[in-house]
Amino acid sequence: MNVSSGARAAPGPDPGVSRPPAALTAVGFVALGLLALPLVGLLQRAPWSALPSVLGESEVLEALRVSLVVSLLATAACVVLGLPLAFVLARRRLRFGRVVRAIVMLPMVLPPVVAGTALLFALGRRGLVGQWLDSWFGVSLPFTTAGAVVAAAFVALPFFVVTVEAALRQAGDDLDEAAATLGAGAWSTLAHVTLPTIRPALAAGTALAWARAVGEFGATLTFAGNFPGRTRTLPLETYLALERNPEAAVAISLVLMAVALAVLITLRDRWMPR
Amino acid sequence: MTVELDGSVVRPGWALRVDRLEIDEGVTAVIGANGTGKTTLGRAVAGLDRLASGRLTIAGSVADDPAAGVFVPASRRRVGMVFQDLRLFGHLRVIDNVAFGLRRAGADRATARRKAGALLEQVGVDSAMWTRRPAALSGGQRQRVAIARALAPDPQVLIVDEPLASVDSSGRAGLRALIGESPARHTLLITHDPVDVATVARRVVVLDGGAVAGRGSVTEVTARPGCEWAATFLGANVVSGLAEGTSVTTATGLVLTVATEATGPVYVTFPAHAVTLHRDRPAGSARNAWQAELARVDVDGERARVHLAGPLAVRADITRRSADELELRPGVTVWASLKATELTVVT
Amino acid sequence: MRDHSRAHLADCYIRASVAGRLTSAAIKQAITFPLAAALLTTAAVLAAGCSEAGSEGAGGSREVVVMAASSLTDVVEAVSAADPNVTAVLSGSSTLVAQLSAGADADVLITADAATMDRATADGSIRGKPAVIATNTVVLATAPGNPGGVAGLADLARRDLLVGLCAPEVPCGALARRALDEARIAASVDTLELNVRALAAKISLGELDAGLVYGTDAARAGLPTVNAPELDGHANDYYIASVSAEPAPAVAAVIDAFTEPGSVGAEALRVHGFGQP
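Keeping their order, the protein sequence lines are chains H, R and W.
According to the numbering used here, the first sequence is numbered sequentially starting from 2.
According to the numbering used here, the second sequence is numbered sequentially starting from 246.
According to the numbering used here, the third sequence is numbered sequentially starting from 7.
Right under this line is the structure:
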């Protein structure tokens with residue numbers, strides 16, 4: 002972890018002060034093994050020599066393209082919508098704050114397929130809001146790339162909001178007050194003080210949201226369906242490949258896992274804003 | 246131009262009520278025990294806390310009047326603030342911290358940096374530090390940067406909250422001068438340091454229990470401090486001199502012996518009750534003792550405050566009975582003595 | 007500290023959802039469980055089924071684990087209602103075969119077509135001799151009230167309709183593709199669902215205008231069907247087989263409950279619209 006030289010002492014254990022009992026350590030390593038084992042399983046089955054040709058398959062490349070488009074658009078939506086929401090949660094005293102916060106975090110713990118079903122009932126062609134979208138604008142989200150973006154954004158949004166809200170709370174409004182006494186208006190303060198101060202959290206939240214969006218499966222399948230070149234993302238392709246050509250499934254899984262690991266390792270170094 | 250405040254600020258659990266306070270040009274010291282509302286007063290003037298009732302006007306225009314629905318936000322008040330916890334922008338270089346207010350006022354980057362550099366020089370921050378982040382500076386250096394940052398946009402009103410607490414002693418005099426420098430500016434100096442009051446304040450506001458307990462010129466408030474805390478605080482004597490080892494030579498040539506070593510110009514402070522008065526030269530030569538002419542005696546209940554003229558203009562608090570026994574009247578000559586351990590040396 | 011744990015939660019979750027999902031067949035199954043009307047409850051039932059799949063009764067009565075294609079849900083439920091020892095694991099046929107080959111503990115496998123059963127026999131997961139217990143035909147189903155005005159199989163080529171099929175990897179999808187190829191219809195497909203129940207659910211919600219589903223699923227979801235002669239003769243055979251070459255008597259009894267004429271399973275198959283072999 003990156004320990005800043007601020008006034009606050011860095012949280013976290015000092016390894017020299019208290020070591021956990023040996024038995025605890027042992028169980029801890031068993032748990033670590035449980036988490037790491039699937040990775041090892043995947044590596045051991047990896048068709049290294051066939052990797053380039055498998056990943057070069059047109060289906061895989063098409064799914065990769067869909068995944069990139071969908072995840073990047075979903076991430077952009079998370080930033081544009083999530084930033085204001087994080088500000089509302091961090092800076093406004095909400096009447097039902099706990100409930101609101103629980104709603105925000107719900108997609109994190111909800112089975113994605115339930116999320117997809119809920120989206121279908123809300124934004125589907127016959128859904129609560131979707132029926133009006135359909136009859137007024139002729140817009141129907143299910144089974145479209147836009148629908149896949151909505152599904153991915155829905156499950157990824159909390160990761161961005163929670164990360165940024167925590168940073169905003171930690172930063173407090175002390176610096177905003179200082180900026181105000183120096184003549185900075187609300188927008189100017191936002192641009193020149195608040196956002197730069199929480200920049201590490203913005204980066205972390207964006208990366209987490211993107212990683213979640215890339216990995217999204219259940220909600221996409223349920224809400225947006227599965228069609229090559231339109232809604233079939235890499236995770237869906239992996240699932241189908243498992244039945245058609247397990248080697249391809251392993252290859253795509255490796256790529257996805259490498260991406261996820263890269264994001265997490267990068268975040269570890271600069272997770273906490275200050 | 247004045248700042249006029251007549252109203253209240255309500256916080257959870259308590260309130261600050263200020264009746265018709267006028268703050269004129271120059272430095273006004275705000276004193277009072279902890280938790281009496283000093284910082285809240287500053288925040289209300291700056292626009293960081295809203296009035297619950299009443300009205301605040303700055304230079305004749307209303308800045309806050311809840312009944313009339315007027316509230317000018319902090320960013321448009323031209324009230325600068327040096328926060329007790331500094332609040333420097335961690336993501337900006339030192340020079341850009343100082344240039345911040347100038348940039349917001351529309352200055353281009355080069356101009357803002359040039360002016361910021363000049364200010365940093367004035368407050369004594371070495372140019373090698375200008376491109377560092379505030380976190381890389383010492384506490385005292387950061388305090389100087391905070392003062393420079395608040396001064397940069399040339400505010401009409403400057404609020405300085407405990408400004409010199411962590412400045413290394415060598416720089417205090419310079420910063421004090423800087424704060425007191427602009428006579429046209431209204432400066433509210435929230436302080437716990439008697440030296441600040443003695444050296445730069447023209448007027449004093451005493452806060453006690455969320456209300457104004459005393460106000461006026463330093464002399465007026467010292468005579469009528471309004472509360473026990475302020476009486477003790479303002480009773481403190483402040484004498485300047487030149488230190489060498491444990492000896493401090495005052496401007497009139499009197500040499501005081503102190504308990505801590507120092508070199509160069511210093512202030513020596515001691516409470517009024519630490520001064521002992523005698524008709525004859527006190528026994529024991531190690532003591533600080535001098536002959537002084539008595540200027541005035543203020544009797545307040547059982548307490549008497551004795552004002553001495555040269556060679557040191559100091560105040561002594563004694564009981565009324567002692568004053569009677571010593572037959573103190575203006576014009577008589579008495580001996581004053583001080584224990585070295587009662588003296589605090591402020592460099 | 008709170009921020010810390012939050013960060014950690016997020017972190018763990020990512021790990022689970024990105025990494026775990028891609029490697030663990032169990033998670034894969036959990037999240038692709040058929041989208042049925044009561045989604046949450048069925049998901050809970052499934053989860054319970056998974057956890058019990060490997061356990062054996064300690065006493066004399068032995069639990070019999072039946073893995074069956076999800077289109078047989080109602081039929082298997084009827085059998086397990088009659089025989090409390092039967093535990094059902096329901097999923098897409100190919101998923102079940104993949105789980106068996108990965109070592110899942112089961113006694114009986116019922117697949118929705120010959121291809122998936124062949125795979126299970128080929129890799130040695132199944133040692134018993136497969137037998138056909140029923141047939142199922144694909145039908146052209148439409149959303150309630152047929153808002154798209156679908157009149158025949160050729161309408162699946164209309165671009166203004168939202169059309170769903172099963173993915174070709176699963177039996178109902180393979181069947182649908184064969185039928186469409188034979189009829190030379192280039193369907194304008196919007197989604198290739200991973201199992202037939204999810205497809206039927208989306209049609210019944212009106213999110214899709216039409217699709218090719220099993221007759222049994224159309225009947226179950228109460229979907230209107232449109233006469234499509236091109237689909238005649240396109241049926242899947244449902245195969246049953248015991249995992250072991252010499253099934254225990256309890257297992258043999260369960261298989262008999264599907265194969266013997268007039269038995270509970272055979273009767274349920276008939277009631278739910280499956281064809282006779």
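No residue lacks a Cβ here, since even glycine has one placed at the ideal position from N, Cα and C.
Check each residue of the stretch 269 to 297 of chain R: if its Cβ is closer than 9 angstroms to any Cβ of chain H, include it; give the result in chain order.
R288, A291, G292 and L293
Nearest-angstrom Cα separation, counted from I266(H) out to L73(H)
As a first step, residue 73(H) must be located in the first sequence, where it is residue number 72. As a first step, residue 266(H) must be located in the first sequence, where it is residue number 265. Taking the straight line joining both Cα atoms gives about 20 angstroms.
Among A206(W), P235(W) and A227(W), which residue has its Cα nearest to the Cα of L186(W)?
Along the third sequence, one-based indexing puts residue 186(W) at 180. Nearest C-alpha to L186(W): P235(W).
Name the chain H residues whose beta carbon is nearer than 9 angstroms to that of F515(R)?
Along the second sequence, read from residue 1 onward, the residue named residue 515(R) stands at position 270. Per Cβ cutoff of 9 angstroms: no residues; F515(R) is ~33 angstroms from chain H at best.
By Cβ distance, which residues of its chain are closer than 8 angstroms to I199(H), with the 5 residues on each side in sequence left out?
In the first sequence, counting from the first residue as 1, residue 199(H) sits at position 198. Answer for I199(H): V165, A168, L169, A172 and P274, listed in chain order.
Give the C-beta separation of V343(R) and A393(R) to the nearest angstrom, bearing in mind that I take them to be a contact with Cβ-Cβ under 8 angstroms.
Reading the second sequence from its first residue, position 98 is the one you call residue 343(R). Reading the second sequence from its first residue, position 148 is the one you call residue 393(R). Correct: roughly 5 angstroms between the Cβ atoms.
Hey, could you find the ends of the alpha helix (DSSP H) I261(W) is sitting in?
Sequence index remark: in the third sequence, residue 261(W) carries index 255 (1-based). Its alpha helix (DSSP H) spans residues P255 to T265.
Length of the line joining the Cα atoms of P267(W) and I132(W)
As a position in the third sequence, residue 267(W) is number 261, starting the count at 1. As a position in the third sequence, residue 132(W) is number 126, starting the count at 1. If I take the Cα positions, the gap works out to 24 angstroms.
Mind reading off the beta-carbon distance from A74(W) to I116(W)? Whole number of angstroms is fine, and I expect it under 8 angstroms.
Position 68 of the third sequence, counted from the first residue, corresponds to residue 74(W). Position 110 of the third sequence, counted from the first residue, corresponds to residue 116(W). Confirmed, about 4 angstroms.
Neighbouring residues, chain W, relative to G98(H) (Cβ below 8 angstroms)
Translated into the one-based positions of the first sequence, residue 98(H) becomes position 97. Chain W residues near G98(H): none, gap ~14 angstroms exceeds 8 angstroms.
Does chain W have any CB closer than 8 angstroms to the CB of R102(H)?
To locate residue 102(H), count along the first sequence from 1; it is residue 101. Closer than 8 angstroms: no.
I'd like the span of the alpha helix (DSSP H) that includes M123(W), first residue to last.
Indexing the third sequence from 1 puts residue 123(W) at position 117. Segment A120 to A128, the alpha helix (DSSP H) holding M123(W).
Have a look at A43(W) and R338(R) and give me their C-alpha separation to the nearest angstrom.
Translated into the one-based positions of the third sequence, residue 43(W) becomes position 37. Translated into the one-based positions of the second sequence, residue 338(R) becomes position 93. At A43(W) the pLDDT is 31, less than 50, meaning the model places this residue with poor confidence; the figure from the coordinates comes in the next sentence. Those two C-alpha atoms are separated by around 60 angstroms.
Leaving out five residues before and five after A193(W) in sequence, what residues of the same chain have Cβ atoms less than 8 angstroms from its Cβ?
Here residue 193(W) corresponds to residue number 187 of the third sequence, with the count starting at 1. Within the same chain, A193(W) has close Cβ partners L162, A163, V169, L171 and L186.
For C172(W), which beta-bridge partners are listed by DSSP?
Here the question's residue 172(W) lines up with position 166 in the third sequence. Beta-bridge pairing links C172(W) to E199(W).
Give the C-beta separation of L261(R) and G455(R) to the nearest angstrom, bearing in mind that I take them to be a contact with Cβ-Cβ under 8 angstroms.
Here residue 261(R) refers to the residue found at position 16 when the second sequence is read from its first residue. Here residue 455(R) refers to the residue found at position 210 when the second sequence is read from its first residue. Indeed, because the Cβ distance is near 5 angstroms, the residues count as touching under 8 angstroms.
Given a cut-off of 8 angstroms on the beta-carbon distance, is the pair V270(W) and S77(W) in contact?
Taking the first residue of the third sequence as 1, we reach residue 270(W) at position 264. Taking the first residue of the third sequence as 1, we reach residue 77(W) at position 71. No, these two residues do not count as a Cβ contact at 8 angstroms.
Check whether chain H comes within 8 angstroms of L95(W), counting only Cβ atoms and requiring the distance to be less than that.
As a first step, residue 95(W) is located in the third sequence; it is residue number 89 there, counting from the start. Note on identity: in this sequence residue 95(W) is Val, with Leu being the wrong assignment. Chain H contact via Cβ: absent.
Determine whether the beta carbon atoms of A551(R) and L539(R) lie at a separation below 8 angstroms.
Here residue 551(R) corresponds to residue number 306 of the second sequence, with the count starting at 1. Here residue 539(R) corresponds to residue number 294 of the second sequence, with the count starting at 1. Looking at the sequence itself, residue 551(R) is Val, so the reference to Ala does not match. Cβ atoms of V551(R) and L539(R): closer than 8 angstroms.
C-alpha gap between V544(R) and R565(R), whole angstroms:
Residue mapping note: residue 544(R) aligns to position 299 of the second sequence, counting from 1. Residue mapping note: residue 565(R) aligns to position 320 of the second sequence, counting from 1. Each residue's alpha carbon lies about 7 angstroms from the other.
Assuming E244(H) and E175(W) make a contact with CB atoms under 8 angstroms, what is their CB distance in whole Å?
Counting from 1 along the first sequence, the entry for residue 244(H) is found at position 243. Counting from 1 along the third sequence, the entry for residue 175(W) is found at position 169. That pair is a contact at about 4 angstroms.
For my contact list, V513(R) and V500(R) are in at a C-beta cut-off of 8 angstroms; report their separation, rounded to the angstrom.
Within the second sequence, residue 513(R) is the residue found at index 268, counting from 1. Within the second sequence, residue 500(R) is the residue found at index 255, counting from 1. About 11 angstroms separates the two Cβ atoms, so there is no contact after all.
Does I268(R) pass the burial test, meaning 16 or more other C-beta atoms within 10 Å, or should it be called exposed?
By one-based count along the second sequence, residue 268(R) stands at place 23. Under this definition I268(R) is a buried residue.
Spell out a yes or no on whether the stretch 181 to 198 of chain H and the stretch 138 to 148 of chain H are touching, meaning 3 or more CB-CB pairs, one atom from each, closer than 8 angstroms.
no
Proximity test, Cβ basis, 8 angstroms: F228(H) and chain W
As a first step, residue 228(H) is located in the first sequence; it is residue number 227 there, counting from the start. Yes - at least one Cβ of chain W is within 8 angstroms of the one on F228(H).
Answer yes or no: do S567(R) and A534(R) have a C-beta to C-beta separation smaller than 8 angstroms?
To locate residue 567(R), count along the second sequence from 1; it is residue 322. To locate residue 534(R), count along the second sequence from 1; it is residue 289. No.
Span of the beta strand (DSSP E), counted from its first residue to its last, around M106(H)
Mapped onto the first sequence, residue 106(H) falls at position 105. Not the beta strand (DSSP E): M106(H) falls in the alpha helix (DSSP H), residues G98 to V110.
Check each candidate in T197(W), S210(W), I139(W) and A118(W) and name the one with the smallest Cα separation from P177(W).
To locate residue 177(W), count along the third sequence from 1; it is residue 171. Among T197(W), S210(W), I139(W) and A118(W), the Cα nearest to that of P177(W) is on A118(W).
Give, in chain order, every unbroken run of the beta strand (DSSP E) that is at least 3 residues long and sits entirely within the stretch 142 to 219 of chain H.
none
Quick check: the Cα distance between L45(W) and G131(H), rounded to an integer number of angstroms?
Within the third sequence, residue 45(W) is the residue found at index 39, counting from 1. Within the first sequence, residue 131(H) is the residue found at index 130, counting from 1. In this prediction, L45(W) scores a pLDDT of 35, lower than 50, which makes its location untrustworthy; the coordinate-derived value is nonetheless stated afterwards. About 21 angstroms.
Cross-chain neighbours of V324(R) in chain H, by beta carbon under 7 angstroms
Locating residue 324(R) in the second sequence gives position 79, counting from the first residue. Result: T182.
Helix, strand or coil at T232(H) [DSSP, three-state]
The sequence position of residue 232(H) within the first sequence is 231, counting from 1. Correct three-state label for T232(H): coil.
For the alpha helix (DSSP H) containing D5(W), list its first residue and its last residue.
Here chain W covers residues 7 to 283 and nothing more, so residue 5(W) does not appear.
Range covered by the beta strand (DSSP E) that runs through N533(R):
The residue labelled residue 533(R) in the question sits at position 288 within the second sequence. From DSSP, the beta strand (DSSP E) with N533(R) extends over N533 to D545.
When DSSP labels each residue in this structure, what does G34(H) get in the three-state scheme?
For this step, residue 34(H) is matched to residue 33 along the first sequence. The answer is helix: DSSP assigns G34(H) an H, G or I state.
Are the beta-carbon atoms belonging to V219(W) and V156(W) less than 8 angstroms from one another?
Position 213 of the third sequence, counted from the first residue, corresponds to residue 219(W). Position 150 of the third sequence, counted from the first residue, corresponds to residue 156(W). Contact: no.
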